[in-house]
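In what follows, a structure is listed as structure tokens, so that the remarks can point back to it.
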Amino acid sequence: MTKLTLRGVSKAYGATQAVRRGDLEIAPGEVHVLIGSNGSGKSTLCKIVAGSVRPDAGAVLLDGEPVAVSGPQAARALGIGIFYQELSLAGQRTVAENICLTDLPRKAGLFVDRRALAERAQRYIALFEDVAGDDFAADAVVDRLRADQRQLVEIMKALATEAPVLIFDEPTSALDRAQVERFFAILRGLKQEGRSMIFISHRMDEIFAIGDRVTVIRDGETVATMALADTEPAAVIRLMVGEKDELAAAAPQPAAAVASGRAEPLLEVEGFTGAGFHDVSFAVARGEILGFGGLHGQGQSAVLRALFGALPHSAGSVRLAGRPLASRGPRETIRRGCAYVSGDRGRDGVITGRPILENVMPIHYLRNRLVLARPGALRDKARPALEALRTKFAGFGYPVSSLSGGNQQKIVIARWLIDRPSVLLLDDPTKGIDLSTKADLFALIRELAGEGLGIVLYSSEDAELLANADRILVFNGGRISRELVGDERTRYNLYHAAYEAA
Ligand SMILES: Nc1ncnc2c1ncn2[C@@H]1O[C@H](COP(=O)(O)OP(=O)(O)O)[C@@H](O)[C@H]1O
Ligand SMILES: [Mg+2]
């Protein structure tokens, strides 16, 4: 008998077909692994089951009966609980409140029953006793917790639903070994109870340790399901890659000087070490687009932020155009011609509520030590940068929030182009933006490389990296584990380097 069935499920975001054809069958008492490269549609599939995303087509069946998972509440009522990859915690609330948030115990149906709440939460906190850290407590405020502790709270929150179907979308990415072991022991107990689980992880050792069957998802399609006892990691990776591994023929051809290694090194990094990255060494040449690849959170962003001076580093040296770059913070690196763009628009993006002109000018002010400038002159400077990115906007006086997400990101990028930088650090710059904006962005990046800029591109989408990087450094556990040059830039090599050590 099948507990949960997905049949022909699909979902598009604008022009992005996140899920093309999702077919899945989960048995009672099964841990069913979902594996696929970054951007292949795993999270979207999970959100469809959990009711937080409505599919465009297809059916969800529980115990063989079609059900309408019309929203998160409907999913809970149907007995479906989920651990969200991006977490769903209320930062200002306590651990106990978060664990019970989806169903707060109330007195007389009105006031939150504090005692009942504490008791219920304690059951799930106790499961992780000794591995959650000494400072982990029921009344700790979630925002003050470490990343691994927050992930544990999200796990507890999912467990507290006591749902017969539980979905875990990358629940272990921030956990240490002992925490993962404990979590797996709990999952084994749930299996005994006959509960059905979907489990997503990129770590082959975890997948083979806890999974019963695995379904491979590629470009939004579930392409194969097999028993983990009958397969091996290399076979799973081959399925993720697919038949046609578009060799570097489709990949960009770097400028001749870059390809032959004759190009002048622009940014030279030696033994760079800090929180989350160790002994990272590489050089970027003028005109080169150097890619950072690997699983999420392996140190790529941390290295870029530290190079920019937004995070400290503890060892190593950096040279820009032959001169040491003693990073005393972003102000210094910006004035030396270093630019940094991240896809985290919440943190590094636009100044909401302010006009477009103000949003596009701050770097120009900083680099030229301006205090006051004539708006007309500023507009003349900003216009070419915005046009190069084909930014659609009605006028400089409009609030930046009147623009689409993609056009807002173009404003953020245009900031850096008014005075040309020499190095452009791109930290997953296309996260959540539409395809046409991505195309405009990458066309411009190639053009800037042609002008002689050195570009470092970290992308969490493997396809994007393969299509745009002249060379790829694969990160694993904060270190560079492999370099892919020329026609080594294949999906297989990239996945293999990213997943094998994991
Ligand atoms: N809310 C969204 N808006 C626009 N595009 C999205 C959204 N969520 C996901 N996508 C896109 O859909 C594709 C699949 O994403 P996702 O399901 O998160 O993949 P995975 O979890 O396998 O990494 C990606 O190309 C991603 O950029
Ligand atoms: Mg995901």
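Note that the sequence shown covers residues 9 to 510 in the working numbering.
Ideal placement from N, C-alpha and C gives every residue a C-beta, glycine not left out.
Only a predicted model underlies this, so the values are computations on that prediction, with no experimental measurement involved.
- S78 sits exposed, since fewer than 16 C-beta atoms from the chains shown fall within 10 Å of its C-beta.
- Shown here, L449 sits in a helix according to DSSP, grouped into three states.
- Between L95 and E162, the C-beta spacing is below 8 Å.
- One alpha carbon belongs to A381, the other to I359, and they sit about 19 Å apart.
- Look at which beta carbons fall closer than 6 Å to any heavy atom of ligand 1; those residues are Y21, T24, A26, G44, N46, G47, S48, G49, K50, S51, T52, G440.
- In this structure Q159 touches L183 by the C-beta definition: roughly 6 Å separates them, less than 8 Å.
- Distance from L465 to G299 at the Cβ level is roughly 5 Å; contact confirmed, criterion being Cβ atoms closer than 8 Å.
- Out of R190, A124, L86, the CA that lies nearest to the CA of F136 is found in R190.
- Distance from the C-beta of Q261 to the nearest heavy atom of ligand 2 is not below 7 Å.
- Under the Cβ criterion (8 Å, minimum of three pairs), the segment 162-171 counts as touching the segment 105-116.
- Counting C-beta atoms within 10 angstroms of its own C-beta, M205 has 16 or more neighbours from the protein chains shown and is therefore classed as buried.
- With fewer than 16 neighbouring CB atoms inside 10 Å of its own CB, E459 falls in the exposed class.
- In terms of Cα proximity to I90, the closest of E296, G301, A506, V57 is V57.
- In this model, I88 and D111 are separated by some 14 Å (Cα to Cα).
- Each of V139, D143, A82, F119 was checked against the Cα of T169, and the nearest Cα belongs to A82.
- Between ligand 2 and the CB of E178, the shortest heavy atom gap is smaller than 7 Å.
- Non-local C-beta neighbours of A140 in its own chain, meaning closer than 8 Å and more than five positions away in sequence, comprise I133, Q157, L160, Q187, ordered along the chain.
- Contact between the segment 415-425 and the segment 363-377 is present, with at least three C-beta pairs closer than 8 Å.
- If you draw a straight line from the Cα of D121 to the Cα of A506, it comes to about 47 Å.
- C346 sits in a strand when the DSSP states are folded into three classes.
- Within the segment 382-470, the runs of beta strand (DSSP E) that reach at least 3 residues and sit entirely inside it are, in chain order, 431-435, 462-466.
- Straight-line measurement puts the Cα of E276 at about 14 Å from the Cα of T341.
- Under the three-state reduction of DSSP output, Q261 falls in the coil class, being neither helix nor strand.
- The beta carbon of N367 sits closer than 7 Å to those of V358, I359, V408, I419, all from its chain and outside the five residues before and after it, given in chain order.
- Counting C-beta pairs closer than 8 Å gives fewer than three between the segment 477-488 and the segment 426-436, which falls short of the contact rule.
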